[in-house]
Amino acid sequence: MSASEPDKLAVSGQEPSERAGTEAVGRILVAAEELFARQGFDAVSMNAIAEAASVSKANIFHHFESKVALYLAVVRHACANIAARLQQLRSNDGAVAEQLADFADNHLKSLLEHDRVSRLILRELAGEQGAQRAQELAEQVFGQNFENLVEIVRTGQRRGELRDDFDPAMLATLLIGANVFFFQSREVLRHFKDVNFAREPARYSHMLMDIFLRGIGAKPTAP
């Protein structure tokens with residue numbers, strides 16, 4: 000989230016007091032993202048966020064009931080574009096293979112564009128409170144997105160565009176997992192002589208979907 004984004008969050012037509020509240024929320028989200036990403040959730044105080052956002056601590060609690068609620072709002076904001084894209088894909092009638100390719104490409108772009116939040120999430124999941132944080136993220140941030148992705152796969156199965164003998168949640172898990180692995184490991188992959196796609200996320204997504212949709216079995220030889 001850039002420092003200029005609070006101004007973008009203001010909605011035209013708002014009353015001055017409402018606009019000020021919206022701009023304050025934007026500054027709080029920017030400050031919280033930067034501090035959480037740099038120091039980790041547990042190490043950041045609400046006082047520090049208030050100081051960085053140039054608001055009072057009471058103002059933060061006016062908008063967010065707890066530090067956890069603020070953390071989840073930061074993650075939710077970072078995921079807003081991919082969440083909207085998934086909802087759009089689920090509601091249209093396009094070819095499912097193209098919808099899945101669209102998701103894979105945009106999901107990886109989102110991970111890379113929101114690098115700080117992506118790393119924050121992974122760090123929190125690996126920490127002492129990982130199980131609790133995982134439940135909060137699943138229930139309040141990622142659950143609907145995952146459900147939409149699974150439903151896109153199910154639609155393809157019902158239409159006969161995809162095989163109907165695999166678990167759609169498994170495919171959704173593999174797609175997300177492959178992107179997260181690339182996000183985490185791309186700096187290592189760049190040093191493998193056999194990897195020529197580590198600097199090209201879009202090409203990685205295309206290759207990934209080609210394998211998912213066409214498989215790896217050899218083509219049958221002509222009789």
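Each residue of the sequence shown is one higher than the one before, starting from 0 at the first, in numbering that gives the first Met the number 0.
Idealized CB from N, CA, C, for every residue including glycine.
Being a predicted model, the structure only gives us computed values, none of them experimental.
Quiz item: Along the chain, which unbroken stretches of the alpha helix (DSSP H) at least 4 residues long are found entirely within the region 96-156?
Solution: 114-124, 129-136, all fully within the region 96-156.
Self-check item: Residue closest to residue 223, alpha-carbon to alpha-carbon, out of 125, 64, 83, 170
Solution: Here the chain comprises residues numbered 0 to 222, so residue 223 is not present and cannot be evaluated.
Practice problem: Quick one: residues in its chain with C-beta nearer than 6 Å to the C-beta of residue 197, no 5 flanking neighbours on either side, listed in chain order? | Solution: The answer, listed in chain order, is 185, 188, 189.
Quiz item: Exposed or buried, which one is residue 26 when buried takes at least 16 other CB atoms within 10 Å?
Solution: By the neighbour-count rule (16 or more Cβ atoms within 10 Å), residue 26 is buried.
Quiz item: When you compare each of 156, 21, 92 to residue 61 by their alpha carbons, which one comes out closest?
Solution: Among 156, 21, 92, the Cα nearest to that of residue 61 is on 21.
Quiz item: Do residue 74 and residue 173 have their C-beta atoms closer together than 8 Å?
Solution: Contact: no.
Quiz item: Between residue 28 and the rest of its own chain, which residues show a CB-CB distance below 7 Å, the 5 nearest in sequence each way excluded?
Solution: Cβ contact annotation for residue 28 (same chain, cutoff 7 Å, sequence separation greater than five): 0, 72, 73, 76, in chain order.
Quiz item: With 16 other CB atoms within 10 Å as the buried threshold, where does residue 109 fall?
Solution: Around the beta carbon of residue 109, 16 or more other beta carbons lie within 10 angstroms, which makes this residue buried.
Quiz item: Below 8 Å between beta carbons: does that hold for residue 116 and residue 50?
Solution: Inclusion of residue 116 and residue 50 in the CB contact set at 8 Å is not warranted, their separation being larger than that value.
Quiz prompt | Spatial distance of residue 40 from residue 139 (CA atoms) | solution = Straight-line measurement puts the Cα of residue 139 at about 17 Å from the Cα of residue 40.
Exercise. For residue 144, count neighbouring C-beta atoms within 10 Å of its own C-beta (all shown protein chains included) and say buried if the count is 16 or more, exposed if not.
Key: Under this definition residue 144 is a buried residue.
Quiz item: What span of residues does the alpha helix (DSSP H) with residue 190 cover, start to end?
Solution: Neither: residue 190 is in no alpha helix (DSSP H) and is coded neither H nor E.
Quiz prompt | Exposed unless 16 or more other CB atoms sit within 10 angstroms - verdict on residue 63 | solution = Buried: at least 16 other Cβ atoms inside 10 Å.
Self-check item: Beta-carbon spacing of residue 81, residue 69 below 8 Å
Solution: When the beta-carbon positions are compared, residue 81 and residue 69 stay at least 8 Å from each other.
Exercise. Would you check if the distance between the CB atom of residue 200 and the CB atom of residue 111 is smaller than 8 Å?
Key: Between residue 200 and residue 111, the CB-CB gap stays under 8 Å.
Quiz item: What is the DSSP secondary structure of residue 223, reduced to helix, strand or coil?
Solution: Outside the displayed range of the chain (0 to 222) lies residue 223, so it cannot be described from this structure.
Quiz item: Quick one: what's got a C-beta closer than 6 Å to residue 13's C-beta in the same chain, skipping five residues either side?
Solution: Reliability fails at residue 13, whose pLDDT of 49 lies under 50, so the model's placement of it is uncertain and no value is given.
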